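Letter 115 of the sequence shown, counting from 1, is numbered 119 in our numbering, and no numbers are missing. No residue lacks a Cβ here, since even glycine has one placed at the ideal position from N, Cα and C. Note that this is a predicted model, so its numbers are computed, not measured. Below is one structure, written out as structure tokens; comments come after it.
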Amino acid sequence: MNFEELLFQRRSIRKYTKEDMNPDTLQKILQAGLLAPSSRNKKPCQFYVIQDKDILKQLSTIKPSGTFIGDANAAIIVMADASLSDVWIEDCSIAMSYMQLMATALQVGSCWVQMRKRTNALGKDAEEVVKEIVGAPQTYRLVGILSLGLPAQILPPHTIDDVDASKIHKI
Ligand SMILES: Cc1cc2nc3c(=O)[nH]c(=O)nc-3n(C[C@H](O)[C@H](O)[C@H](O)COP(=O)(O)O)c2cc1C
């Protein structure tokens with residue numbers, strides 16, 4: 005698959021088989037996150053890899069649009085040491101995107117689960133809930149969770165019709 009095909013192929017996959025991902029595959033996805041550029045090369049992103057079923061279940065109960073994390077083979081919680089950079093949201097978002105593209109290239113299903121600025125059913129800040137679960141330091145801030153697993157659903161790739169060229173402004 006060339007890079008252009010990869011961009012069309014990437015879809016948010018929320019259904020996973022019970023099969024384990026190859027550890028090398030997971031490592032390559034993490035490496036993609038570590039290869040992402042960062043402002044002033046400060047590299048503030050931190051990656052918590054969760055494969056423990058109980059912790060995946062805990063993460064899946066935080067918000068309704070993240071329940072599928074409970075069936076994922078792995079979840080990568082992306083946080084930043086916000087004391088290192090004031091643009092950690094941008095840095096971590098790029099890392100999340102790199103990892104999602106690498107997952108697609110390796111035939112792994114993935115979906116971004118938003119946690120920053122979200123609350124759980126009890127109205128508690130989702131970021132605080134996740135930080136408590138993994139015991140993250142005070143200066144760490146959460147950007148999101150990437151759920152991963154071998155796909156149990158096939159979504160059609162995007163097509164050129166999905167590209168809204170009216171959003172391109174040539175001045
Ligand atoms: C910043 C961001 C946050 C997202 N949060 C969620 C989420 O909490 N739950 C979810 O199921 N999908 C989430 N998604 C996936 C989007 O719903 C998905 O990318 C969008 O519908 C387009 O579909 P596609 O990824 O298959 O192209 C998120 C995507 C992004 C980029």
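Could you check how far apart the C-beta atoms of residue i and residue j are, in whole angstroms? I think they sit under 8 Å.
i, j, result
"residue 78", "residue 53", "6 Å"
"residue 43", "residue 94", "7 Å"
"residue 150", "residue 83", "Not confirmed; about 12 Å, so no contact."
"residue 146", "residue 119", "5 Å"
"residue 175", "residue 115", "The Cβ separation is near 35 Å, so there is no contact."
"residue 66", "residue 152", "In fact, because the Cβ distance is near 17 Å, the residues do not count as touching under 8 Å."
Under a three-way DSSP split, which group does residue i fall into?
i, result
"residue 70", "helix"
"residue 5", "coil"
"residue 16", "strand"
"residue 4", "Because the chain here runs from 5 to 175, residue 4 falls outside it and cannot be looked at."
"residue 155", "strand"
"residue 133", "helix"
"residue 164", "helix"
Alpha carbon to alpha carbon, how far is residue j from residue i? Give it in angstroms, no decimals.
i, j, result
"residue 142", "residue 49", "14 Å"
"residue 161", "residue 10", "9 Å"
"residue 171", "residue 96", "25 Å"
"residue 154", "residue 22", "8 Å"
"residue 129", "residue 122", "6 Å"
"residue 124", "residue 24", "29 Å"
"residue 106", "residue 126", "35 Å"
Check your reading: residues with Cβ closer than 5 Å to ligand 1 heavy atoms = Close to ligand 1, as judged by a C-beta nearer than 5 Å to any of its heavy atoms, are the residues 15, 16, 69, 116, 117 and 118, in chain order.
task = Within the stretch 13–54, note down every full beta strand (DSSP E) run reaching 3 residues or more, in order along the chain.
result = Those beta strand (DSSP E) runs which fall completely within the stretch 13–54 and span 3+ residues are 49–54.
message = At 3 residues or longer, what runs of the beta strand (DSSP E) sit wholly inside the stretch 60–107?
response = For the beta strand (DSSP E) assignment, the uninterrupted runs of no fewer than 3 residues enclosed by the stretch 60–107 are, from N- to C-terminal side, 78–85.
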